[in-house]
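The opening position of the sequence shown corresponds to residue 301 in my numbering, with each subsequent residue numbered one higher. Every residue gets a Cβ at the ideal spot worked out from N, C-alpha and C, and that includes glycine. Please read all numbers here as calculations on a predicted model, not as lab measurements. The structure appears right after this line, and notes come after that.
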Amino acid sequence: MREYSPAQELFHNIPYIGMTVLGAIVLGVAPGGSIWGIIAGIAFLIYGLAGTLWIMVFVCPYCGYWDTKACPCGYGRIAAKFRKKKPIECFSEKFKKHIPVIVPLWLIPVLVGVPFVIRSFSWTLLGLLVVFAIEAFVILPVASTKHGCKECPQRDTCPWMKKKSKNAA
Ligand code: SF4
């Protein structure tokens, strides 16, 4: 079983952190310096953090790599501090059920930012949206599939990786 160092765990978290921070900046900039933008940006950061916690609480306990250094992003070891081990047979079902909770992280900055660009055009906001889209829809999925998830010990039972393998076939 491959084990990951804290530095490698941190490295695997960078794409998700990058997307969350960029999304928060998009929301912060979109209303043109309004206090509501700042509030929305902070709320988005909290949502990103809460999403991570949600996965640790509702998915990681069902993973075979719960409480081991084999979890590429380190969630499994953190989850073990406040959740008990659950049946590994339910991993796929729990993954499918709980991943939709974090999917809006990919959508909210686009759904909020695009109307603002159309209504009151700004190169700054457009540039941020493009960078966010590249990070969320290209870099993060490629990094996950080619690196983090590719090395994940749970990949054979992970619905995301099974879907990717089917698409690649
Ligand atoms: S490999 Fe994935 S599901 Fe398993 S403990 Fe790590 S983050 Fe959780």
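**OP:** Name the residue from C373, W336, K386, D456 whose alpha carbon lies nearest to the alpha carbon of Y304.
**Re:** C373
**OP:** Report the residue ranges of all alpha helix (DSSP H) runs contained in full by the region 378-442; include only those spanning at least 4 residues, in chain order.
**Re:** 391-398, 404-419, 423-434
Original post:
When DSSP labels each residue in this structure, what does Y304 get in the three-state scheme?
Top reply: coil
Original post:
Relative to the ligand SF4, is the shortest distance from any of its heavy atoms to the C-beta of V357 smaller than 7 Å?
Top reply: no
Original post:
Could you check where the alpha helix (DSSP H) with T445 kicks off and where it finishes?
Top reply: Per DSSP, T445 belongs to no alpha helix (DSSP H) and is neither H nor E.
Original post:
Between the Cα of I408 and the Cα atoms of F432, K397, A350, T445, which residue gives the shortest distance?
Top reply: F432
Original post:
Hey, L349 and G337 are a contact pair by Cβ (cut 8 Å); roughly how many whole angstroms apart?
Top reply: L349 to G337, Cβ: 19 Å. No contact.
Subject >> Cβ contact (3+ pairs, closer than 8 Å) linking the region 416-433 and the region 342-362 >> reply: no
**OP:** Go to A370, then tell me how far its alpha helix (DSSP H) extends in each direction, as first and last residue.
**Re:** Premise fails: A370 is in no alpha helix (DSSP H) and is neither H nor E.
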